[in-house]
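Participant: Have a look at the structure that comes next, please.
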Amino acid sequence: MEVSQNDSCRMEGWLYLIRPNRFGLQYSRKRYFVLHDLLFKSYKSNPVTNTEDPVRSAVIDSCIRVTDNGRESIQRKGVFIFTLYNASNHNDQLKLGANSPEEAARWIQALQEAALKADMNKRTAVDRPRRDLRSLRLNCSNKSHHLNSIGWTFCSSSVADATTSDVVAPASWTIFGCQNGLRLFKEAKDRESHGKWNDHPAIMAVGVVDGTSEAIFQTLMSLGPSRSEWDFCHYKGSVIEHLDGHTDIVHKLLRQDWLPWSMRKRDLLLQRYWRREDDGTYVILYHSVFHQKCPCQKGYVRACLKSGGYVITPVNQKKQSVVKHMLAIDWRFWKSNLQTSSARYITIHMLGRLAALRELFIAKLGDCSSSYFLEEHVRDKKLQQVEEVEVEIQTIVENGKKMADMEEEVAKTPSEHASLMGLNDASDEFFDVSEPLDYDQSENGWPSDFGPEMYSQDTRHARLSSAAGFVKKLHDLAVHKRGYVDLQEKAKEDALLCHYGSTLPKDPTFNLPCSWAQTDPSTFLIRGETYLEDRKKIKAKGTLMQMVAADWLKSDKREDDLGGRPGSIVQKYAAKGGPEFFFIVNIQVPGSTTYTLALYYMMDTPIENVPLLESFVKGDDAFRNSRFKLIPYISKGPWIVKQSVGKKACLVGPALEINYFRGKNYLELDIDVGSSTVARGVVSLVVGYLSNLVIEMAFLVQANTPEELPEYLLATCRLNHLDISKAVQVKP
1 MEVSQNDSCR MEGWLYLIRP NRFGLQYSRK RYFVLHDLLF KSYKSNPVTN
51 TEDPVRSAVI DSCIRVTDNG RESIQRKGVF IFTLYNASNH NDQLKLGANS
101 PEEAARWIQA LQEAALKADM NKRTAVDRPR RDLRSLRLNC SNKSHHLNSI
151 GWTFCSSSVA DATTSDVVAP ASWTIFGCQN GLRLFKEAKD RESHGKWNDH
201 PAIMAVGVVD GTSEAIFQTL MSLGPSRSEW DFCHYKGSVI EHLDGHTDIV
251 HKLLRQDWLP WSMRKRDLLL QRYWRREDDG TYVILYHSVF HQKCPCQKGY
301 VRACLKSGGY VITPVNQKKQ SVVKHMLAID WRFWKSNLQT SSARYITIHM
351 LGRLAALREL FIAKLGDCSS SYFLEEHVRD KKLQQVEEVE VEIQTIVENG
401 KKMADMEEEV AKTPSEHASL MGLNDASDEF FDVSEPLDYD QSENGWPSDF
451 GPEMYSQDTR HARLSSAAGF VKKLHDLAVH KRGYVDLQEK AKEDALLCHY
501 GSTLPKDPTF NLPCSWAQTD PSTFLIRGET YLEDRKKIKA KGTLMQMVAA
551 DWLKSDKRED DLGGRPGSIV QKYAAKGGPE FFFIVNIQVP GSTTYTLALY
601 YMMDTPIENV PLLESFVKGD DAFRNSRFKL IPYISKGPWI VKQSVGKKAC
651 LVGPALEINY FRGKNYLELD IDVGSSTVAR GVVSLVVGYL SNLVIEMAFL
701 VQANTPEELP EYLLATCRLN HLDISKAVQV KP
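With UniProt numbering applied, the sequence shown covers 1 to 732.
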């Protein structure tokens, strides 16, 4: 499916419009989409001229969000899904699919930039009536109203920053050898770990592969017969359960002939998570889990993968890729005296798969356009001819509405109905009849692994288990449970049994578990005064605000606007009438139990003294979303968590939903982690290791112009070994 990007203002190509039928089953329609000057147009065929009328068109503005939903199976084909939705009306959604993660990423970036550009247009067009600032407006032809785009260089950290890390941190790995052209590293010892993470050492192999990152990624994700051409450890693999587009549970049986002669066969039951970074890097992470559908196999000993995975980074104009393969695994030896030396030998031997992958690409692949993919696809399909006759049950509509509610929504007047749903083509198509996906699976480069014998017994796509619920099951060594609980609406609590701002203790010595402290600001890198010229970052010298309190809460619903609740630390200061201003970051992990981490920061000088902060506090949500930035850092913990979180500054607003609450003496940001599939996957992993982690964060308002530079940190925090069991229950 071709995608062209003729200039910075135009994006076009074929996509799949994903829609549910009356039974809630998902089907697709192939449409040609054009994004130009904030107009998003849909055609049934490639338009010959620019004057051709589209089937549907809509105007994008700053209320539009784009989420990456990962890979889904639509009519038995792998499609990479992304969803457009209106931040002010979540029922206003448009679900689209691309053939590859690269295509999906290009569209996501183009749509996000269009939304940011629309926000800038809105700020310059001060005379435009408010009624013209709706998120999208349905048009019947290309004679629609065009929003004039302006020249604006997008300075989001993910696009413009050349650095790979915004944290000053010691090296995590130490080289100890070279084998088969691969450099071998061991994880650097943590002085305070007391051997906790060294019982089964983490070892990493690094090599350069002559292939695109996308082609390598799709090869690594395959569990089909083609995997045996490079993975000498692999015997058979299957997907046990599909959690969401970025996460699944996989079972791998390992061959015995590469293991020591006296060692029994091993198998692995893993949670597999993947994501694509903005620079084209792919991250695949694994760790062992328990699942009732896959008990221990007869004749096998189940090894425990504590952390592992791949990082595939494009280099040399994306013609080659640096691949890092890491493993920290407990092979479950029955004699303790064999563990150290034998485990290290077997792990290093297993990492040799990376050299085999490199040779495979030299011999056959090169890139994803190679005929090898087609040959392997045909062979895999012949081996998987035994198909179930029944129609595969597809994912139910994202917002969980029944079809009757959908029909009622469509029947609304234009003033009540946002036009994202209008782009769904419901008026002229029958989605009860499936339209064949006319592209070959080989275009996807991801060999089919989802035949009946290689897939879950139940292929119904359920919503992702909540991060908190999933982690609780990990802690209890219980089985995974399907079902994602939707967020409940905000409810005011009149009688509160906890004092907000006092549930998490402070410990500047960093010795008390489940406590908070401030982090040294010089740990983080921020944009310097000449950043727009030289793209150089400097160490932060201080913070505008001081951290004064923190809350670690759990509830059966979202806990919004903590700063406005009676008895909170914010209201106590407000009652005194002092000059103090509070900035509250409320991170919410939704689920059957919603966990809330609230960080309270205070400054006693007028915000007017800091123009950029004043603009942020007094600005609208669109401006805040385009500027609020987080720098995360896992200073202590296993590699898999450090890799999943990263050390790169990121704009939170475009990726996650933020609800802002403005009070007399405070601004609160309620960040909904559940609003992003990618974020849910990361947080579920983080919370699983939570009691073993030291988490450091910095918050700032991004500076985009010479007048706003240099940047400054609003605040920092350090969270020391948080414990889910110590979260304070909020009672009505």
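Even glycine gets a Cβ: it sits at the ideal position worked out from N, Cα and C.
Is the beta carbon of H246 closer than 7 Å to that of V683?
Facilitator: Contact: no.
Participant: Are the beta-carbon atoms of A110 and I60 separated by less than 7 Å?
Facilitator: Cβ distance not < 7 Å, so A110 and I60 don't count as in contact.
Participant: Keeping to the same chain, check which residues put their C-beta closer than 8 Å to that of E614; ignore five residues upstream and five downstream.
Facilitator: Result list for E614: I607, E608, in chain order.
Participant: In the structure shown, what three-state DSSP assignment does E453 receive?
Facilitator: Residue placement at E453 is flagged as unreliable, the pLDDT there being 36, under the threshold of 50; the coordinate-derived value follows with that caveat. Helix at E453.
Participant: Would you report the Cα separation of E392 and Q26, rounded to the nearest angstrom?
Facilitator: In this prediction, E392 has a pLDDT of 37, which is less than 50 and means its spatial position is unreliable; what the coordinates show is noted afterwards. Using only the alpha carbons, I get a separation of about 10 Å.
Participant: Do the segment 54 to 72 and the segment 30 to 45 make contact, defined as three or more Cβ pairs closer than 8 Å?
Facilitator: The segment 54 to 72 vs the segment 30 to 45: in contact.
Participant: M263 lies in the beta strand (DSSP E); which residues open and close that run?
Facilitator: Careful: M263 lies outside any beta strand (DSSP E) and carries neither H nor E.
Participant: From this set, T347, P566, L220, M545, which residue's C-alpha is nearest T605's C-alpha?
Facilitator: Checked all of T347, P566, L220, M545; the closest Cα to T605 is M545.
Participant: Tell whether a beta-carbon distance below 7 Å holds between L96 and L15.
Facilitator: It is a contact, given that the beta carbons lie within the stated cut-off.
Participant: Going by the CB atoms, is the gap between A205 and H325 shorter than 7 Å?
Facilitator: For H325 and A205, yes; Cβs fall inside 7 Å.
Participant: Taking the alpha-carbon positions, what's the Y286 to L223 distance?
Facilitator: Roughly 14 Å separates the two Cα atoms.
Participant: Measuring only the C-alpha atoms, how far is R344 from L327?
Facilitator: Straight-line Cα distance between these residues: approximately 10 Å.
Participant: Where does F361 fall in DSSP's three states?
Facilitator: Helix, per DSSP.
Participant: Among the residues of its own chain, which have a CB less than 8 Å from the CB of K318, if the five just before and after it don't count?
Facilitator: Hits under 8 Å: T212, S213, G280.
Participant: Can you give me the C-alpha to C-alpha distance between P706 and T530, rounded to a whole angstrom?
Facilitator: Going from the Cα of P706 to the Cα of T530 covers about 8 Å.
Participant: Among F80, M120, R76, which one has its Cα closest to the Cα of D63?
Facilitator: Per the sequence shown, the amino acid found at residue 63 is Cys instead of Asp. It is M120.
Participant: Under 7 Å between the Cβ atoms of V93 and V208?
Facilitator: It is Gln, not Val, that sits at residue 93 in the sequence shown. No, they are not a contact pair.
Participant: Taking the CB atoms as reference points, tell me whether A303 and L268 lie closer together than 7 Å.
Facilitator: Contact: yes.
Participant: Just to confirm, are Y600 and V673 a CB contact at a threshold of 7 Å?
Facilitator: Taking 7 Å as the Cβ cut-off, Y600 and V673 do not qualify as a contacting pair.
Participant: Tell me whether M545 sits in a helix, a strand or coil according to DSSP, three-state version.
Facilitator: It is coil, neither helix nor strand.
Participant: Are at least three pairs of beta-carbons, each pair with one atom in the segment 587 to 597 and one in the segment 522 to 539, less than 8 Å apart?
Facilitator: No: the two stretches stay apart, fewer than three of their Cβ pairs being nearer than 8 Å.
Participant: For the segment 554 to 592, which segments carrying the alpha helix (DSSP H) assignment without a break, of at least 4 residues, lie completely within its bounds, in sequence order?
Facilitator: Runs found: 569 to 576.
Participant: Looking at I216: is its Cβ nearer than 7 Å to the Cβ of I312?
Facilitator: Yes, they are a contact pair.
Participant: Please report the residue range of the alpha helix (DSSP H) in which T677 lies.
Facilitator: From DSSP, the alpha helix (DSSP H) with T677 extends over 677 to 688.
Participant: Secondary structure at S149, three-state DSSP: helix, strand or coil?
Facilitator: Low per-residue confidence applies at S149: pLDDT is 29, beneath 50, and the placement is therefore not dependable, though the value from the model is reported in the following sentence. In the structure shown, S149 sits in coil (DSSP, three-state: anything other than H, G, I, E or B).
Participant: Compute the Euclidean distance between the alpha carbons of Q179 and Q518, then round it to the nearest angstrom.
Facilitator: So the alpha carbons of these two residues sit roughly 43 Å apart.
Participant: Is the beta carbon of L220 closer than 7 Å to that of residue 733?
Facilitator: It is not possible to answer for residue 733, since the shown part of the chain is limited to 1 through 732.
Participant: Relative to the alpha-carbon of I584, which residue among R565, G681, G577 has its alpha-carbon at the smallest distance?
Facilitator: Taking only the C-alpha atoms, the option nearest I584 is R565.
Participant: Who pairs with D672 in a beta bridge, going by DSSP?
Facilitator: The partner list for D672 (beta bridge, DSSP) reads Q588, E657.
Participant: Could you have a look at V311 and say whether DSSP puts it in helix, strand or coil?
Facilitator: Strand at V311.
Participant: By how many angstroms is the C-alpha of L35 removed from the C-alpha of A649?
Facilitator: Each residue's Cα considered, the two are about 28 Å apart.
Participant: Is DSSP giving H246 helix, strand or coil here?
Facilitator: In the structure shown, H246 sits in coil (DSSP, three-state: anything other than H, G, I, E or B).
Participant: Relative to the alpha-carbon of L512, which residue among L722, P632, K306 has its alpha-carbon at the smallest distance?
Facilitator: It is L722.
Participant: Taking C-alpha atoms, which residue in Y689, V701, I249 lies nearest to L651?
Facilitator: It is V701.
Participant: DSSP state of E102, grouped into three classes?
Facilitator: In this structure, E102 counts as helix in the three-state DSSP scheme.
Participant: Is the separation between the beta-carbon of E580 and that of S635 shorter than 7 Å?
Facilitator: For E580 and S635, no; Cβs fall outside 7 Å.
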